[in-house]
Amino acid sequence: MSQTKDIISVITADITTLQVDAIVNAANSSLLGGGGVDGAIHRAAGPQLLEECRKLNGCPTGQAKTTKGYKLPAKWVIHTVGPVWHGGGQNERELLAAAYRNSMEQAIQVEARTVAFPAISTGVYRFPKEEAAKIAVGTVLEFIEQHPVFDGVVFACFSEESAQLHRSALAEQA
Ligand code: APR
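Residue 110 in numbering that gives the first Met the number 0 sits at position 111 of the sequence shown, with consecutive numbering throughout.
Below you can see the structure in the form of structure tokens.
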């Protein structure tokens, strides 16, 4: 059995290109698309993704819902809604952790063994990047320890800076 920390990897990549069972989308509560990684995933998946999303009736912050991946290499898209950063006094940290945890729960539901995450909430939603990376890595490490059913979890960062923050968080916590 590989060590939990060996299951986690950090790369700099466009998440829409990854050949994993499931990619996680940093969506908004409407689930009807947007910019950033949300826009990239919808563009790559094609219009059927939005058609399926329309039937989901949105998603509360911190929760996650799963659709098919359509034209993406990934079989599934796990749509989660991270918190908008308002300074830290509105339970943002717990909501970000919940977004990672509930995304992993969704992965178990669809028996996804490999999952890729973007750096949820660290773009438009302005969550401080270093703290977000620590929450992301800590939450995923804890989840994998409690649910040893994953072959790989990838933090697909969109910049070397973001990747470095996730690598440092992993080195500290694993
Ligand atoms: N692959 C991987 N990561 C990406 C990609 C991509 N193709 N495109 C952007 N990112 C990164 C950003 O650089 C950032 O680090 O995803 C992270 C999350 O940023 P956003 O996409 O802005 O998401 P978020 O901060 O969670 O804000 C969500 O933005 O796009 C809208 O509809 C979305 O309203 C929602 C809000």
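In this text, a Cβ means the ideal position worked out from N, Cα and C, and glycines have one as well.
None of the values given here were measured: they were computed from a predicted structure.
> Expressed to the nearest angstrom, what Euclidean distance is found between the alpha-carbon atoms of Ala-26 and Ser-120?
Replying inline: For the purposes of this step, residue 26 is taken as the residue at position 27 of the sequence shown. For the purposes of this step, residue 120 is taken as the residue at position 121 of the sequence shown. In a straight line, the C-alpha of Ala-26 is about 9 Å away from that of Ser-120.
> What number of angstroms, rounded off, separates the C-alpha of Glu-93 from the C-alpha of Gly-61?
Replying inline: Residue 93 sits at position 94 when you count from the first residue of the sequence shown. Residue 61 sits at position 62 when you count from the first residue of the sequence shown. Each residue's alpha carbon lies about 8 Å from the other.
> Does DSSP put Gly-151 in a helix, a strand or coil?
Replying inline: Numbered from 1 along the sequence shown, position 152 holds the residue referred to as residue 151. In the structure shown, Gly-151 sits in a strand (DSSP, three-state: E or B).
> Would Ala-106 be called buried (16 or more neighbouring beta carbons within 10 Å of its own) or exposed?
Replying inline: Mapped onto the sequence shown, residue 106 falls at position 107. Label assigned to Ala-106: buried.
> Roughly how many angstroms separate the alpha carbons of Gln-2 and Val-152, rounded to a whole number?
Replying inline: Residue mapping note: residue 2 aligns to position 3 of the sequence shown, counting from 1. Residue mapping note: residue 152 aligns to position 153 of the sequence shown, counting from 1. So the alpha carbons of these two residues sit roughly 13 Å apart.
>> Could you compute how far the alpha carbon of Gly-137 sits from the alpha carbon of Leu-169?
In response: Position 138 of the sequence shown, counted from the start, is the residue given in the question as residue 137. Position 170 of the sequence shown, counted from the start, is the residue given in the question as residue 169. When rounded, the distance between both Cα atoms is 8 Å.
>> Taking 7 Å as the cut-off, is the C-beta of Gly-87 nearer than that to any heavy atom in ligand 1?
In response: Along the sequence shown, one-based indexing puts residue 87 at 88. Incorrect: Gly-87 has no Cβ contact closer than 7 Å to ligand 1.
>> Can you check which of these residues, Lys-54, His-165 and Ile-14, is closest to Gly-35 by C-alpha distance?
In response: Residue 35 sits at position 36 when you count from the first residue of the sequence shown. Among Lys-54, His-165 and Ile-14, the Cα nearest to that of Gly-35 belongs to Ile-14.
> From Ala-111, Glu-104, Asn-56 and Gly-86, pick the residue whose C-alpha is nearest to that of Lys-67; which is it?
Replying inline: Position 68 of the sequence shown, counted from the start, is the residue given in the question as residue 67. When only C-alpha atoms are compared, the closest one is Ala-111.
>> Please tell me whether, using a cut-off of 7 Å, the distance from the CB of Ala-26 to the nearest non-hydrogen atom of ligand 1 is below it.
In response: Translated into the one-based positions of the sequence shown, residue 26 becomes position 27. Ligand 1 approaches Ala-26 closely enough that one of its heavy atoms is under 7 Å from the residue's Cβ.
>> List, from N- to C-terminal side, the beta strand (DSSP E) runs of 3 residues or more that fit wholly inside the region 96-129.
In response: Entirely contained in the region 96-129, the beta strand (DSSP E) runs reaching 3 residues are, in chain order, 113-116.
>> Within a Cβ cutoff of 6 Å, which residues of the same chain sit near Ala-115, ignoring the five residues on either side of it in sequence?
In response: Looking up residue 115 in the sequence shown gives position 116. Correct list, in chain order: Ile-14, Leu-17, Val-19, Ile-22, Val-153 and Ala-155.
>> Which residue marks the beginning of the alpha helix (DSSP H) containing Val-36, and which one marks its end?
In response: For the purposes of this step, residue 36 is taken as the residue at position 37 of the sequence shown. Counted as a single uninterrupted DSSP element, the alpha helix (DSSP H) harbouring Val-36 occupies residues 35-44.
>> Only counting the same chain, and skipping five residues up and downstream in sequence, which positions put a Cβ closer than 6 Å to that of Ser-8?
In response: Mapped onto the sequence shown, residue 8 falls at position 9. Short of 6 Å from the beta carbon of Ser-8, and not among the five residues preceding or following it, lie these beta carbons of its own chain, in chain order: Val-153.
> On the premise that Ala-132 lies in contact with Ala-118, defined as a C-beta separation below 8 Å, what is that separation, rounded to the nearest angstrom?
Replying inline: Locating residue 118 in the sequence shown gives position 119, counting from the first residue. Locating residue 132 in the sequence shown gives position 133, counting from the first residue. Between Ala-118 and Ala-132 a beta carbon distance of about 7 Å is seen, short of the 8 Å cut, so the two are scored as contacting.
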